[in-house]
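Working notes for the structure below.
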Amino acid sequence: MDDSILLAHGSGGKLSHELVEKKFLPFLANPALNKLDDSAIFEASGRLAFTTDGYVVNPIFFPGGDIGKLAVCGTVNDLAMNGARPLYLSLSAIIEEGFLLSELGRIVQSIKKAAEEAEVSIIAGDTKVVNRGQADKLFITTSGVGTVPPGVDISGANARVGDKVLLSGTIGDHGIAIMSQREGLKFSMALESDCAPLNKLVSQMMDVSSRIHCLRDPTRGGLATTLNELARQSKVGIVIEEAKIPVKEEVKAACELLGLDPIYVANEGKLVAVVDPADAKKILARMRKNSYGRDAAIIGEVTGQHPGKVVMKTKLGPSRIVDMLTGELLPRIC
Amino acid sequence: MCLAVPVKIVSIDGDEAETEIGGVRRRVSIAFTPEAKVGDYVLLHTGYAIGVIDEAEAEETLKLLEEIASLSEVH
Amino acid sequence: MKFIDEYQDSKLARGLARKIAQRSTKTIRVMEFCGGHTHAILRYGIRQLVPKTVEMKSGPGCPVCVTATADLDKAIALAHLPDVIIATFGDMIRVPGSYSSLQQAKAKGADIRIVYSTTDAVEIAKDNPEKSVIFIGIGFETTAPTIAASILKAQREQIRNFYVLPLNKLTPPVMKVLLDSGEVKIDGIVCPGHVSVVIGSHPYEFIPRDYGVGCVISGFEPLDILLCIDRLVEQIEKGEPKVEIAYRRGVKPEGNRKALQLMEDVFEIGEANWRGIGIVPKSGLKIRAKYERFDADKAFSVSLKPPKEPKGCRCGDVIRGAATPLECRLFRKTCTPESPVGPCMVSGEGACAAHYQYGIPENLQDF
Numbered sequence: 001m002d003d004s005i006l007l008a009h010g011s012g013g014k015l016s017h018e019l020v021e022k023k024f025l026p027f028l029a030n031p032a033l034n035k036l037d038d039s040a041i042f043e044a045s046g047r048l049a050f051t052t053d054g055y056v057v058n059p060i061f062f063p064g065g066d067i068g069k070l071a072v073c074g075t076v077n078d079l080a081m082n083g084a085r086p087l088y089l090s091l092s093a094i095i096e097e098g099f100l101l102s103e104l105g106r107i108v109q110s111i112k113k114a115a116e117e118a119e120v121s122i123i124a125g126d127t128k129v130v131n132r133g134q135a136d137k138l139f140i141t142t143s144g145v146g147t148v149p150p151g152v153d154i155s156g157a158n159a160r161v162g163d164k165v166l167l168s169g170t171i172g173d174h175g176i177a178i179m180s181q182r183e184g185l186k187f188s189m190a191l192e193s194d195c196a197p198l199n200k201l202v203s204q205m206m207d208v209s210s211r212i213h214c215l216r217d218p219t220r221g222g223l224a225t226t227l228n229e230l231a232r233q234s235k236v237g238i239v240i241e242e243a244k245i246p247v248k249e250e251v252k253a254a255c256e257l258l259g260l261d262p263i264y265v266a267n268e269g270k271l272v273a274v275v276d277p278a279d280a281k282k283i284l285a286r287m288r289k290n291s292y293g294r295d296a297a298i299i300g301e302v303t304g305q306h307p308g309k310v311v312m313k314t315k316l317g318p319s320r321i322v323d324m325l326t327g328e329l330l331p332r333i334c
Numbered sequence: 335m336c337l338a339v340p341v342k343i344v345s346i347d348g349d350e351a352e353t354e355i356g357g358v359r360r361r362v363s364i365a366f367t368p369e370a371k372v373g374d375y376v377l378l379h380t381g382y383a384i385g386v387i388d389e390a391e392a393e394e395t396l397k398l399l400e401e402i403a404s405l406s407e408v409h
Numbered sequence: 410m411k412f413i414d415e416y417q418d419s420k421l422a423r424g425l426a427r428k429i430a431q432r433s434t435k436t437i438r439v440m441e442f443c444g445g446h447t448h449a450i451l452r453y454g455i456r457q458l459v460p461k462t463v464e465m466k467s468g469p470g471c472p473v474c475v476t477a478t479a480d481l482d483k484a485i486a487l488a489h490l491p492d493v494i495i496a497t498f499g500d501m502i503r504v505p506g507s508y509s510s511l512q513q514a515k516a517k518g519a520d521i522r523i524v525y526s527t528t529d530a531v532e533i534a535k536d537n538p539e540k541s542v543i544f545i546g547i548g549f550e551t552t553a554p555t556i557a558a559s560i561l562k563a564q565r566e567q568i569r570n571f572y573v574l575p576l577n578k579l580t581p582p583v584m585k586v587l588l589d590s591g592e593v594k595i596d597g598i599v600c601p602g603h604v605s606v607v608i609g610s611h612p613y614e615f616i617p618r619d620y621g622v623g624c625v626i627s628g629f630e631p632l633d634i635l636l637c638i639d640r641l642v643e644q645i646e647k648g649e650p651k652v653e654i655a656y657r658r659g660v661k662p663e664g665n666r667k668a669l670q671l672m673e674d675v676f677e678i679g680e681a682n683w684r685g686i687g688i689v690p691k692s693g694l695k696i697r698a699k700y701e702r703f704d705a706d707k708a709f710s711v712s713l714k715p716p717k718e719p720k721g722c723r724c725g726d727v728i729r730g731a732a733t734p735l736e737c738r739l740f741r742k743t744c745t746p747e748s749p750v751g752p753c754m755v756s757g758e759g760a761c762a763a764h765y766q767y768g769i770p771e772n773l774q775d776f
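Chains as they are written, first to last, in my numbering: chain P, 1 to 334; chain W, 335 to 409; chain C, 410 to 776.
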C-alpha cells in the first residue's frame, strides 16, 4: 500500500476493501464485524440506550490520547451517564485525501485499546475519503448502544433539593492539554488529557447505591456549563464551593497564563454525580477506589433557591453566580 | 491591561529565558529585564517579562497583611 | 504558585475587610481603571468584602472596550484585503464593529489568527512571505513595549511583510479626561498595577495634585485589591490624597526604563479615538516616521462606511463610569454574552460581561 490515503480508498473498490481489511479489521475484530455484512445483528433485551457523537478535535494527536481514543470514550461515557452498560459501537471515519496511513494505523490502535478497556465491540463501520482541503485530516463519528438495567432512572432532570454534588476528579486537564499544543501558545508541561472510559466507574457507583439521580460528563464548556445544564433541566439551584474543586497545579498555572477559569475548561474523563445525601459518602468512597475517581470530592449540593442557577462560594468567602460558557474559550491578554 | 503572571527563571539564553510556573514551562523574552537572574521571578505579559518581582517587598507586604489581620481581630 | 497563592489567603482577606470596615466612616467612590481589576473584583466578590460606605465603579480600562468602532471597522476591512493575514489577541475576536466582527470576517473566509504574543505575529510573517501580516496593536502601556519590540525584531530580521495597526492607548490622559468631565465624582482611583510596572508612579501625580483624588497602584490578587482599598480609605479619611504604590513587589516609582526607552524609540504620542469618549489629544501611540514601513495605516488604505453605534447601547456611559451595566436597558435582555451588542459585554473584562458572569446572587448570605 501507498503511504497516504487516496480518493480511491473511499470509492468502494479494491483499495477500499484493502483499507478495511488491512487497517481496521485485524485490530477491531469481533464476530459481527468480521462478517462484513451491510449491518450487524445482535440481541439485547430490556431498555436500550443509544447515542451518537462526532469528533473533530484538533490536533488529532495530543498528550494522553488522540481522536480515536476520544471517539470511543466519548460515546461510551454518554451511555454510562444514563446508567447504561455500553455494548456496541459503530464507527464512521471521514478521511482527507493525503492523510498518512501510518497515522491512521496509530489511531486504529488507540480505538482498539480504548474499546478493550471499556469492554465494547465495534460492530459496524464506514470510511469515506474526501478531497484534500475538504476535511481537516480526519473526522470520526461513533454511535453507541447499551442496556439500561431495570429500575435505573438516571437523568439530568432528576436532581432533588438536598442532593449532594460529586465530582470524580481534577478539572481542566483535557482542555489545557489540547491548548498547549496549539500554535503560538508554546508552553510545555507534563500534563496529559484525562480522556478515559468511565463505564466501569459508573457501574461500581451503581453497585453501592441505587440513589444516583444524575450523571453527566463535563466536556465542552467545562464543569460550569454542565452544572448549569443540570440546574436548568431539573429546575433546581446548585451551590458549590470553589475550595472543594480539585484542580491540578499545572492546570491552574496554564489558566493563569492564558486568563482562563478552570471551571470552563473541557474534560474528557470526569463525571459529575448528583446523589441522595444519605448515600453521598459511600459513593464517594467507592469512586476513590477506582483510578479514574481517585481525586473525587463532594463539591456542593442542590438547593431550592435560585432555580436554574449555579452559585459558587469563592475561596475568600463571598458567593457569586457561575454562568454557562459563552462562545469559545479564548486566551486573553487583559 | 493587565494579565501578567509571576514566573520563575530557570535558565537564561541571551535575551530569552526558560521560565516555569506550577510545572508549566515557557520561553520568554527578557529584553525588558536584562538584570534578571536565574532564580528570579518576573512578571510575564504576552511572552515578555515586564519587570522583576521584588521578593523583599513581597515579604514586607505579607507581614503587613498579617499584622492587619491580627490587629483588627474582634476580641 | 508563588506570588499568587499567598495573596488569596482568606484569613488575611477577612483581616483587611475588618480594618476597612473599622476605618471607613464617610461614603466614598472608588474607581478601578483596569479591565483586569474589574474582572478580579467581580470574580473574588470584593464588593461583598468591603463596607457599604465604599462604592466601587468601573472605568475605561478595558482596551477592547475602548477601541473605537471606526478602528475596529478598519481592522475588519483590512482582514478582507487579498493576501492579508490578521494577527490579533483573542480579546478582539468577538467585539462587534458597525457591521461585523473579526470572528464573522473569519467565518466569511478572512485569514485571522489569534496570537498570544506579538512575537508570534512576527513568526507568522516569516512563515508567510507572500502575504502581508497585520497585527492589531491594542492595549495600554503594558503591551505597548512588546509591540515596539516586535517592530524592532521585524526590522532586525529584515522582515518586509509585517505591519502593526497602531491602536495603543495611554492611561493617564484618559484619567484626566474623566476627571475633567466631572460626570462621575470619584474620591479614589485603583490604579492599574501592570501598566504601572512599565510607567511607574510619577505619571499619576497630577491626580491628587490637581483633583484631590487619591491614587493607589494595585496588584490583581484579592489581597492586593483589598490592600489598595484600605490605603485609599486611609487617604480619604485623613484628607491626604496622594499617589501610593500598594503593589510594591511589582512596581517601582520610576517604572521600567528599558521598556519606556523602547516605546519612546518606536512610538510617538498622538491623538486617539476612545469609544464612548471620542477623540482625546495626546492619548495614543503612533508609529514614528523612521519605522513607518511597519505602519499598517500608511501601507494600506481601505474605504469605510461611516461607523455606527448600536441603538440603545450604553457602552460609552458604562466605560466612563456614568452608568452601571444594570442601568442599560439592553443588559441581559437583548445584550448577552451570546449575542453581545457592544464591547462591554464581549470582553471578559468589560464591565457588563463581568457583571453578567459574576453577578451577586440575591438571597445569599453575604460574607
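All residues carry an ideal CB built from backbone N, CA and C; glycine is no exception.
Residue i to residue j span [Cα, whole Å]
{"i": "Cys744(C)", "j": "Arg294(P)", "result": "42 Å"}
{"i": "Arg85(P)", "j": "Asp38(P)", "result": "25 Å"}
{"i": "Leu223(P)", "j": "Cys474(C)", "result": "28 Å"}
{"i": "Thr127(P)", "j": "Ala763(C)", "result": "46 Å"}
{"i": "Ile111(P)", "j": "Leu33(P)", "result": "15 Å"}
{"i": "Lys23(P)", "j": "Leu87(P)", "result": "23 Å"}
{"i": "Gly597(C)", "j": "Ile688(C)", "result": "25 Å"}
{"i": "Asp414(C)", "j": "Ala698(C)", "result": "45 Å"}
{"i": "Leu258(P)", "j": "Leu669(C)", "result": "25 Å"}
{"i": "Val322(P)", "j": "Pro31(P)", "result": "49 Å"}
{"i": "Pro581(C)", "j": "Arg618(C)", "result": "14 Å"}
{"i": "Val493(C)", "j": "Ala124(P)", "result": "45 Å"}
{"i": "Ala231(P)", "j": "Pro307(P)", "result": "7 Å"}
{"i": "Glu18(P)", "j": "Ala93(P)", "result": "15 Å"}
{"i": "Gly445(C)", "j": "Gly759(C)", "result": "9 Å"}
{"i": "Thr527(C)", "j": "Ser559(C)", "result": "6 Å"}
{"i": "Cys214(P)", "j": "Cys255(P)", "result": "29 Å"}
{"i": "Arg741(C)", "j": "Ser90(P)", "result": "43 Å"}
Proximity test, Cβ basis, 9 Å: residue i and chain P
{"i": "Gln644(C)", "result": "no"}
{"i": "Thr395(W)", "result": "no"}
{"i": "Leu451(C)", "result": "yes"}
Chain W contact for residue i (CB, 9 Å cutoff)
{"i": "Lys128(P)", "result": "no"}
{"i": "His446(C)", "result": "yes"}
{"i": "His764(C)", "result": "no"}
{"i": "Met410(C)", "result": "yes"}
Residue i classed as buried or exposed, judged by whether at least 16 other C-beta atoms fall within 10 angstroms
{"i": "Phe549(C)", "result": "buried"}
{"i": "Val573(C)", "result": "buried"}
{"i": "Leu377(W)", "result": "buried"}
{"i": "Pro749(C)", "result": "buried"}
{"i": "Ile521(C)", "result": "buried"}
{"i": "Gln644(C)", "result": "buried"}
Three-state secondary structure assigned by DSSP to residue i
{"i": "Thr380(W)", "result": "coil"}
{"i": "His489(C)", "result": "coil"}
{"i": "Asn82(P)", "result": "coil"}
{"i": "Val459(C)", "result": "coil"}
{"i": "Phe740(C)", "result": "strand"}
{"i": "Leu451(C)", "result": "helix"}
{"i": "Met189(P)", "result": "coil"}
{"i": "Met312(P)", "result": "strand"}
{"i": "Arg320(P)", "result": "strand"}
{"i": "Ala266(P)", "result": "coil"}
{"i": "Cys255(P)", "result": "helix"}
Proximity test, Cβ basis, 9 Å: residue i and chain C
{"i": "Pro331(P)", "result": "yes"}
{"i": "Ala351(W)", "result": "no"}
{"i": "Pro63(P)", "result": "no"}
Sequence ranges, alpha helix (DSSP H) only - wholly within the region 502 to 569 of chain C, length at least 4: With a minimum length of 4 residues, the continuous alpha helix (DSSP H) runs that stay inside the region 502 to 569 of chain C are 511 to 516, 527 to 536 and 553 to 565.
Mind pulling the alpha helix (DSSP H) runs of 4 or more residues that sit fully within the region 154 to 180 of chain P? If we require 4 residues or more, the alpha helix (DSSP H) runs fully inside the region 154 to 180 of chain P come out as 173 to 179.
Contact residues within the region 353 to 376 of chain W, judged by C-beta distance below 8 Å to chain B: Reference to chain B is not applicable here, since the protein chains of this structure are P, W and C.
Extract the residue ranges of the beta strand (DSSP E) inside the region 33 to 80 of chain P, only unbroken runs of 3 or more that lie entirely within it. List check, beta strand (DSSP E) in window: 47 to 55.
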